[in-house]
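**Q** Quick note: to get the working numbering, add 3 to the position in the sequence shown (first position is 1).
For each residue, glycine too, the CB sits at the ideal point set by N, CA and C.
These figures come from a predicted structure and were not determined experimentally.
Quick one: the structure is below, and I'll ask about it shortly.
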Amino acid sequence: MSAKIKNYIIEQSAIGDLLIFISFLCDNYSSDTIINIDIDKKSLEYWRSDSNNYYEFSKKFLNFICPNNISFIENLSGSLISVEHIKNLYLFNDKEFPLLDLKNKFNNTVDDSKIVLTTKIRYLNRSFFDSIKNDFFKIINSSNKSIILVGEKILEYGKEYSIHGDQTIYSIYPDIINGINPEKIIDKTIPASGITTPDFDNLKNDLDLISKYRTLGFGISGINFLYSSVTDFKGYCEDHNFLPFIDRNRKIFKTKNDFLTITNEYLK
């Protein structure tokens, strides 16, 4: 009997989208199904200012997270699928979405001496963050743990980010630098991200680092979603139509007091 073969092309190319796509394939097909994948280049050209470089980055990222039965094939013909379609499929069937577990990619023991804090926020209104940040920073400053910062210092506003605006997608790096005692900060951020294509080796190094520590973040950001696949991630965000889809994986708390309570527990 010949092996089953499936060909898929994903419309979206952001890190979180790619992770959702591969998680979907792993949940719906056994390891004896051969799956070929590609990314829709028309979508890349529309959303990315440097689509060729981003395509190469995506290929490296997918090759890293994919199991052996899933292969990246350039210029593939296949079924076009979107993350919205995947989300709606699971919500309609009231089925829990099993996020791909990438912990086995990293051989690190847990270190409780530090906490990772991410700088990028997506889909948490700026006013919400401003209402919580002083209490949040106070808890961090009163703890004996160091804070490892990952993400970007500056968020560049390409086509996607400019549509949503700087009150919805932004970096909290300046807030962190001004609000947390400098002697507590271990700064592992990059200068900028958004328009600039990510560097795969830098991303892999970040994941290797993050896998050792518990992580805190805000909003529904694809990179935070990725972090939750390698470590214990908790976050705070507003209601969003994506939230019911990923909440069971990310342990998101939708009230200020809940999140501050969890922060206190993290920092004990």
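Quick check on the DSSP output: the beta strand (DSSP E) that includes I68 runs from which residue to which?
**A** Taken as a continuous stretch (DSSP letters only), I68 belongs to no beta strand (DSSP E), being part of the alpha helix (DSSP H) at 54–68.
**Q** What residues are listed by DSSP as bridge partners for K117?
**A** BP columns for K117 point to S149.
**Q** Excluding the 5 residues flanking I193 on each side, which residues of the same chain have their C-beta closer than 6 Å to its C-beta?
**A** E155, listed in sequence order.
**Q** Please identify the residue among G19, Y58, V113 whose C-alpha is closest to the C-alpha of S214.
**A** The residue with the shortest Cα to Cα distance from S214 is V113.
**Q** To the nearest angstrom, how far is it from the Cα of G220 to the Cα of F140?
**A** Their Cα atoms are separated by approximately 13 Å.
**Q** Helix, strand or coil for I213 per DSSP?
**A** Helix.
**Q** Considering only C-alpha positions, which residue in the set K7, L21, Y269, E14 is nearest to K148?
**A** If we check each option's Cα against that of K148, Y269 comes out closest.
**Q** If you measure between the beta carbons of Y11 and I84, is that distance less than 8 Å?
**A** Contact: yes.
**Q** Touching or not, the segment 223–233 and the segment 13–21, by the rule of three or more beta carbon pairs under 8 Å?
**A** Result yes; three or more Cβ-Cβ pairs closer than 8 Å.
**Q** Do S34 and N66 count as a contact pair if the criterion is CB distance below 8 Å?
**A** No; because the gap between Cβ atoms is not below 8 Å, this pair is not in contact.
**Q** Under 8 Å by Cβ, that's how I've got T200 and F60 pegged, so tell me the actual separation to the nearest angstrom.
**A** Right, the Cβ-Cβ distance comes to about 5 Å (below 8 Å), so this counts as a contact.
**Q** On the DSSP bridge assignment, give the partners of I189 in chain order.
**A** The partner list for I189 (beta bridge, DSSP) reads I151.
**Q** Output needed for F24: all residues of its chain with C-beta closer than 6 Å, excluding positions within five of it in sequence on either side, in chain order.
**A** Around F24: I13.
**Q** Can you grab the Cα-Cα spacing for the pair K237 / D104, in whole Å?
**A** K237 and D104: Cα-Cα distance of roughly 16 Å.
**Q** Just verifying my parser: in three-state terms, what is the DSSP assignment at R129?
**A** Helix at R129.
**Q** If we count the other Cβ atoms within 10 Å of its Cβ and call it buried at 16 or more, is K123 buried or exposed?
**A** Buried, since its Cβ has 16 or more Cβ neighbours within 10 Å.
**Q** Is DSSP giving K136 helix, strand or coil here?
**A** If DSSP states are grouped into helix, strand and coil, K136 belongs with the helices.
**Q** So, is I189 buried or exposed, given that buried needs 16 or more other C-beta atoms within 10 angstroms?
**A** Exposed.
**Q** Going by DSSP in three states, K7 sits in which element: helix, strand or coil?
**A** The answer is coil: DSSP assigns K7 none of H, G, I, E or B.
**Q** Are the Cβ atoms of L212 and K187 separated by less than 8 Å?
**A** Result no, Cβ atoms of L212 and K187 do not sit closer than 8 Å.
**Q** D169 lies in the alpha helix (DSSP H); which residues open and close that run?
**A** D169 -> no alpha helix (DSSP H), and no H or E assigned at all.
**Q** Of all the options K63, E87, I40, which has the alpha carbon lying nearest to the alpha carbon of E77?
**A** The residue with the shortest Cα to Cα distance from E77 is I40.
**Q** Is the Cβ-Cβ distance between S174 and L152 less than 8 Å?
**A** Cβ atoms of S174 and L152: not closer than 8 Å.
**Q** In whole angstroms, what separates the C-alpha of D261 from that of V233?
**A** Distance between the alpha carbons of D261 and V233: 23 Å.
**Q** Between which two residues does the alpha helix (DSSP H) harbouring K44 extend?
**A** It spans 44–50 - the alpha helix (DSSP H) in which K44 sits, taken as one unbroken run.
**Q** Give the DSSP bridge partners of I124, in chain order.
**A** DSSP output for I124 lists Y173 as bridge partner(s).
**Q** Pull up the CB-CB distance for I142 and I118, whole angstroms please, since I reckon it's below 8 Å.
**A** With a Cβ gap of about 11 Å, I142 and I118 do not count as contacting.
**Q** Within the same chain, show all residues whose beta-carbon is closer than 8 Å to that of I346, passing over the 5 residues directly before and after it, in chain order.
**A** There is no way to answer for residue 346, as the model of the chain reaches only from 4 to 271.
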